[in-house]
Amino acid sequence: MVKKTNKNEGIFITFEGGEGSGKSTQIQKLKNNILGFISDVEIVISREPGGTEVAEQIREILVNGAADKLSVRTETLLMIAARAEHIDRVILPAIKRGAIVLCDRFKDSSIVYQGIANKIPNREIDKIHAFALKTCEPDLTILIDVPAEIGIKRALDRNENNQRFERKGELFHKKIRDGYLKIASLHPDRIKIIDGSQTIEKISDEIFQLVFPILRSSLSK
Ligand code: TMP
Numbered sequence: 003m004v005k006k007t008n009k010n011e012g013i014f015i016t017f018e019g020g021e022g023s024g025k026s027t028q029i030q031k032l033k034n035n036i037l038g039f040i041s042d043v044e045i046v047i048s049r050e051p052g053g054t055e056v057a058e059q060i061r062e063i064l065v066n067g068a069a070d071k072l073s074v075r076t077e078t079l080l081m082i083a084a085r086a087e088h089i090d091r092v093i094l095p096a097i098k099r100g101a102i103v104l105c106d107r108f109k110d111s112s113i114v115y116q117g118i119a120n121k122i123p124n125r126e127i128d129k130i131h132a133f134a135l136k137t138c139e140p141d142l143t144i145l146i147d148v149p150a151e152i153g154i155k156r157a158l159d160r161n162e163n164n165q166r167f168e169r170k171g172e173l174f175h176k177k178i179r180d181g182y183l184k185i186a187s188l189h190p191d192r193i194k195i196i197d198g199s200q201t202i203e204k205i206s207d208e209i210f211q212l213v214f215p216i217l218r219s220s221l222s223k
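The structure is reproduced here in structure tokens:
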């Protein structure tokens, strides 16, 4: 059973997965499911890179343009700079107020995309995160797992302009999927894998079953 590990008052849940894994749909569903269970709770939905005015500006640099327009080191620092801004101005204040924060991507995206797929050594990412994260660690991370070729097709079909990462090719996205499964196996208590090839309803039921014990334990305090 998942227990609340975050020492702050609220609950911090992150969603991870490759392109087109359906995270944003499931975040909205989870919000509705939580509100069906507890009505007087503040739920903050956010995303990375982004979530504040400046972090959204950094996002524009990161997600637009040619796949190779940034060096991997610069990309890593910008991702984590946007995260520090998001943590300081949105996530930590919300958790301290007792809100439930549902975040589309967080630190595991840097560990997988910049670390495993782009070969920045894990210890370097850990060092930058040690500075940027402060005490901010997710209580639970939902990894929505879909085969790379299905996810990338869904994402490209959206036909948006900001597709710098989608353009990185199938091999890159296979490394992302394998990378996520690897870190999930290293942190089985925090990272829970959901099969993203199921129906939207089945996925949202499974996610709520994971979140429910945390809600219950947080309410009983
Ligand atoms: P999105 O697809 O969730 O909108 O995120 C934009 C892209 O940014 C996505 O392809 C994953 C990538 N990304 C990283 O490479 N590292 C990170 O730390 C984060 C948060 C996102």
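Note that the sequence shown ends on residue 223 in my numbering; no numbers are left out. Cβ atoms here follow ideal geometry from the backbone N, Cα and C, with glycine treated the same way.
Which residue from the options puts its Cα closest to that of residue i?
{"i": "residue 202", "options": "55, 52, 190 and 30", "result": "30"}
{"i": "residue 191", "options": "123, 145 and 63", "result": "145"}
{"i": "residue 70", "options": "124, 14, 168 and 158", "result": "168"}
{"i": "residue 126", "options": "76, 142 and 97", "result": "76"}
{"i": "residue 158", "options": "143, 175, 37 and 210", "result": "175"}
{"i": "residue 91", "options": "58, 73 and 194", "result": "58"}
{"i": "residue 162", "options": "45, 62, 220 and 43", "result": "62"}
{"i": "residue 115", "options": "214, 141, 155 and 170", "result": "170"}
{"i": "residue 140", "options": "111, 120 and 79", "result": "111"}
{"i": "residue 120", "options": "33, 78, 218 and 34", "result": "78"}
{"i": "residue 107", "options": "132, 193, 35 and 36", "result": "193"}
Would you tell me roughly how many angstroms separate the C-alpha atoms of residue i and residue j, rounded to the nearest one?
{"i": "residue 1", "j": "residue 138", "result": "Shown here, the chain extends from 3 to 223; a query on residue 1 therefore has no answer."}
{"i": "residue 88", "j": "residue 204", "result": "31 angstroms"}
{"i": "residue 81", "j": "residue 187", "result": "24 angstroms"}
{"i": "residue 136", "j": "residue 86", "result": "9 angstroms"}
{"i": "residue 152", "j": "residue 206", "result": "19 angstroms"}
{"i": "residue 23", "j": "residue 160", "result": "13 angstroms"}
{"i": "residue 99", "j": "residue 47", "result": "15 angstroms"}
{"i": "residue 51", "j": "residue 130", "result": "16 angstroms"}
{"i": "residue 18", "j": "residue 56", "result": "22 angstroms"}
{"i": "residue 68", "j": "residue 94", "result": "33 angstroms"}
{"i": "residue 12", "j": "residue 97", "result": "4 angstroms"}
{"i": "residue 118", "j": "residue 189", "result": "16 angstroms"}
{"i": "residue 38", "j": "residue 143", "result": "21 angstroms"}
{"i": "residue 177", "j": "residue 200", "result": "22 angstroms"}
{"i": "residue 72", "j": "residue 113", "result": "17 angstroms"}
{"i": "residue 26", "j": "residue 185", "result": "21 angstroms"}
{"i": "residue 198", "j": "residue 134", "result": "30 angstroms"}
{"i": "residue 182", "j": "residue 43", "result": "31 angstroms"}
{"i": "residue 224", "j": "residue 109", "result": "The requested residue 224 does not occur in the structure, where the chain is confined to residues 3 to 223."}
{"i": "residue 219", "j": "residue 148", "result": "30 angstroms"}
{"i": "residue 172", "j": "residue 155", "result": "10 angstroms"}
{"i": "residue 213", "j": "residue 84", "result": "27 angstroms"}
{"i": "residue 209", "j": "residue 60", "result": "30 angstroms"}
{"i": "residue 211", "j": "residue 45", "result": "18 angstroms"}
Just to confirm the assignment, what range does the beta strand (DSSP E) spanning residue i have?
{"i": "residue 18", "result": "13-18"}
{"i": "residue 72", "result": "Premise fails: residue 72 is in no beta strand (DSSP E) and is neither H nor E."}
{"i": "residue 196", "result": "193-197"}
{"i": "residue 106", "result": "102-106"}
{"i": "residue 46", "result": "45-49"}
{"i": "residue 202", "result": "No beta strand (DSSP E) holds residue 202; the alpha helix (DSSP H) holding it covers 202-221."}
{"i": "residue 147", "result": "142-147"}
Alpha helix (DSSP H) containing residue i: first to last residue?
{"i": "residue 60", "result": "55-65"}
{"i": "residue 128", "result": "124-135"}
{"i": "residue 180", "result": "172-188"}
{"i": "residue 30", "result": "25-39"}
{"i": "residue 153", "result": "150-159"}
{"i": "residue 98", "result": "94-98"}
What whole-angstrom Cβ distance do residue i and residue j have, given they're in contact under 8 angstroms?
{"i": "residue 216", "j": "residue 104", "result": "Rounded, the Cβ-Cβ distance is 12 angstroms, inconsistent with contact."}
{"i": "residue 74", "j": "residue 122", "result": "6 angstroms"}
{"i": "residue 40", "j": "residue 221", "result": "7 angstroms"}
{"i": "residue 166", "j": "residue 20", "result": "Rounded, the Cβ-Cβ distance is 15 angstroms, inconsistent with contact."}
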